Amino acid sequence: MARPLTKLLVVATLFVSLLAGAQQASHPTQLEFHSSSSSLDEIFRWARGQALAYVAPSSSSIGPWYEAALPGRNAFCMRDVSHQTEGATVLGLAAANRNMLGRFAASVDEKRDWAGYWEIDGEGRPSSADYVSDADFWFNLPANFDMLDAIVRMWRWTGDDTYRDDPRFREFFRRTVNDYVTRWQLQPEKILHRPRIANQRLESGKFVHSRGIPSYSEGPKDFIFGADLLAAEYRGLRSFQEIAVTPQDKALAVSAQSVADQIQQLLERIAWSQSQQHYLGVIRHDQSGFESGDAMTLYFGAAKNPDHLRGALDYISSPKYWQKINIEEESYTPLLLFRYGRTGPAYHILFDLSGREKPRREYPEVSYAVIAALVGGTMGVAPSRFSEPFDVQTLAQLPSAGDNASLLSLPFRKNLLDIKHTGSLSSSLSNRSGPALRWRAVFQGTVRQLKVNGKAVLASHDTLPGGMAVSWIAVTVPARATAIVSSMDK
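When you line the sequence shown up against mature numbering (1 follows the signal peptide of the UniProt record, and there is no 0), it's residues -22 to -1, 1 to 468, in that order.
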């Protein structure tokens, strides 16, 4: 069982290595990363090899998939998959992502109160490690919302309209934003008064007290919900709007936005600790709380109050926090710190997470998270939302201004890209194959002009949610062409 925010038993490293090696085989990736930092190059090579070691053999009876659970479990978990998808898709595992997410989407059922399976094994069945019956199974409530957001993110990355149009996904979206919220008493007016475990059907059983844990945090029992549940619900309901296409779904999305906004306001009001200056992790009936909910609140983009946002970033940037958390929670932090412009702490945690002596470094989620941090953080690659007037953006966040880094053979929608950053002053994008691509080249700092292929162009300006000021320009890169954007300060 992939349990992210509680202590897990360590699986013997030798066994993991043997099993992973047996699964490696015929799933090569084209993706390459090279930089002026030998340390970054080393962790990329390790993470790529480790991640691909968990890819199932091509002969798998259930189609393409990779391990996303405790090593050796021969299974994939809804939470882990939702987190690993970004690293997986840039490694060329888009088909596996679609297959695994589709299987989870198809597993939601009224008999389980519209929850999906927590884990699916290599035979396509609910894992016996987490499931006895529809009345007796393990499930963490943030997972449906987390996966809904992951589906939308993979739609952005791949442009694969299966994620939008497949009946399995459409049914999952509708059930999650409507019936799931109601059945588990997650409406803004009810969530403060719900029992910790709603919908308990049996007096006793193996998992009856874990059938609908209202958080990814599993250690404490005296709480009604976690901040991560509110944050995931907010993000899932907001993400649905982007992928709703039918009149029915668009109407449902409008009502879901109202619920999402109320949930986000509740999060700011209940989970924020003014005295401790960070988000509390789990909330009791008396509205007191404890632990930290900062990482997941930031991960789901649910922190909107600027003071609260800064406090949460300060909190998770401190070694007092990240040196004490388990490796599952730590694996989220490098990329989210990059996204909020906290470059220094992001690298501190990235190197800690991937260090050779790091306990449980072989946990599958870690290597996929490291790949995602290098692509989305160091290189700053991010897909647009489909309403935005560009396709892909980049923002170099190198360890120092004198460093350089390149990413080769990056699969993105229908394209194959090469991206290079030279210090913080120049970036290039080569559109090796696929249609013309709209590139938003972003640079740190405020400058009046940027050069596009040597020609000065007025820059646009923005501020990241974490406070970093940036300048940017949008340029269309034709097929088999390269564009170079550089700062006028060069």
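For glycine and all other residues, C-beta sits at the position ideal for the given N, C-alpha and C. Keep in mind that this is a model prediction, so the values were computed, not measured.
- A check of alpha carbon separations from Val448 across Gln226, Asp440 and Trp162 identifies Asp440 as the nearest.
- Taking 8 Å as the cut-off, the beta carbon of Asn393 is found closer than this to the beta carbon of Leu415.
- 8 Å or more divides the Cβ of Leu287 from the Cβ of Gly214.
- Shown here for Phe22: same chain residues with a beta carbon closer than 7 Å to its own, the five before and five after excluded, namely Phe11 and Leu352 in chain order.
- When secondary structure is reduced to three states using DSSP, Ala53 falls in the strand class.
- About 5 Å separates the beta carbon of Val453 from that of Trp417, a gap short enough to meet the 8 Å contact definition.
- Going by beta carbons, Ala222 and Tyr257 fall outside the 8 Å limit.
- DSSP, reduced to helix, strand and coil, places Ala414 outside both helices and strands of the structure shown, so it counts as coil.
- Counting C-beta pairs with one atom in each stretch, the segment 297 to 313 and the segment 223 to 234 have fewer than three that are closer than 8 Å, which means they do not touch.
- Sequence-distant partners of Leu385 (beyond 5 residues in either direction) whose C-beta falls short of 6 Å from its own C-beta, in its chain, are Phe11, Met357 and Ile397.
- In the structure shown, Gln178 adopts coil according to DSSP, grouped into three states.
- In the assembly as shown, Phe203 is a buried residue. Its beta-carbon has 16 or more other beta-carbons within 10 Å.
- Along the length of the segment 42 to 124, whole alpha helix (DSSP H) runs at least 4 residues long occupy 56 to 68 and 72 to 85, reported in chain order.
- For Lys282, the secondary structure class from DSSP, reduced to helix, strand or coil, is coil.
- Residue pairing by DSSP puts Ala383 in a beta bridge opposite Ser13 and His399.
- In this structure, Arg363 lies near Arg134, with their beta-carbon atoms less than 8 Å apart.
- Thr154 sits buried, since 16 or more C-beta atoms from the chains shown fall within 10 Å of its C-beta.
- Under the three-state reduction of DSSP, Gly197 is assigned to coil, being neither helix nor strand.
- Looking at the DSSP output, Asp139 shares a beta bridge with no other residue.
- Excluding five sequence positions before and after Ala74, the CB atoms of its chain that fall closer than 6 Å to its own CB belong to Pro42, Trp43 and Tyr44, given in chain order.
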